[in-house]
């Protein structure tokens, strides 16, 4: 008995003993209920003590479920590669002339001519007019710059980045330069009723700001001609001893030039 108290049996053995005790008791039951024998009392006491020992045992600890973390696949991180922005290539801005072009001190006919670019020549572009088709280029002769109209020129290179330049004040218009006579030829013809003089005259156009030319015969204006005109033919009836004097002058809004004059007769 002392061994049972000091070394409690396992729950399986307790269950076995209980079943065995009931089996033994059932086999020895009489028809009437006899008084319990000392051996039966001993078995009952042992069973009771065993049940008390089972109750006194601490409950068996149950291990809590262990959580095993699930490994996630690694997250792909985008790698940003910095690219170098290409530096624009600069090309010298050039103006190529497709016709003879005067280069002036400002953008317009009222400005002084600095020089002239010939067809096929090129000039470095320094700037441009804020709104009109004029370019500022290096002067054709010596240092400095001048303005040219873009009608007969084409730009190339980095001309879009040249600065805009403010035109200088407009010059006060001045009278044009006087023409000079190059030659004249005439012929006198009798037509049966009168003598006619046919006069052909040629002059040099030195002005660059004229509005036109005027021809005078004996001090009387006979015709207005357009700018840049350099020749004219006049037919007039004359007497054989009469002298005819011609005058040629240039003009503009500010005045007239001096005259180129010459005379002829049909003697």
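Residue numbers (the working numbering): 24 to 290.
All residues carry an ideal CB built from backbone N, CA and C; glycine is no exception.
Nothing here was measured: the structure is a model prediction, and the numbers come from that model.
Host beta strand (DSSP E) of residue i (start-end)
i	result
residue 212	203-213
residue 177	176-179
residue 124	124-127
residue 160	157-161
residue 132	Segment: none, residue 132 is in no beta strand (DSSP E) and carries neither H nor E.
residue 147	145-151
residue 184	Per DSSP, residue 184 belongs to no beta strand (DSSP E) and is neither H nor E.
residue 284	283-288
residue 118	117-120
Inter-residue spacing [alpha-carbon to alpha-carbon] between residue i and residue j
i	j	result
residue 239	residue 270	5 Å
residue 230	residue 247	16 Å
residue 128	residue 221	43 Å
residue 290	residue 263	5 Å
residue 274	residue 176	29 Å
residue 272	residue 203	9 Å
residue 185	residue 166	19 Å
residue 198	residue 233	8 Å
residue 261	residue 206	21 Å
residue 55	residue 42	Below a pLDDT of 50, predicted positions are generally treated as unreliable, and residue 55, at 47, falls in that range; the measurement from the model is reported next regardless. Approximately 23 Å, taken between the alpha carbons.
residue 251	residue 182	33 Å
residue 285	residue 249	21 Å
residue 136	residue 124	10 Å
residue 291	residue 243	One cannot answer for residue 291 here, as it falls past the ends of the chain, which runs 24 to 290.
residue 170	residue 163	11 Å
residue 149	residue 208	49 Å
residue 110	residue 236	56 Å
residue 268	residue 255	15 Å
residue 287	residue 191	48 Å
residue 266	residue 277	32 Å
residue 241	residue 259	12 Å
residue 195	residue 253	26 Å
residue 140	residue 168	13 Å
residue 112	residue 145	21 Å
Contact belief for residue i with residue j at Cβ below 8 Å, rounded distance in angstroms
i	j	result
residue 188	residue 159	5 Å
residue 178	residue 118	5 Å
residue 116	residue 180	4 Å
residue 257	residue 245	7 Å
residue 122	residue 142	5 Å
residue 283	residue 201	6 Å
field: alpha helix (DSSP H) runs contained entirely in the segment 228-279, provided each spans 4 or more residues
entry: none
Cβ contact check for the segment 151-170 and the segment 211-220: 3 or more pairs under 8 Å: no
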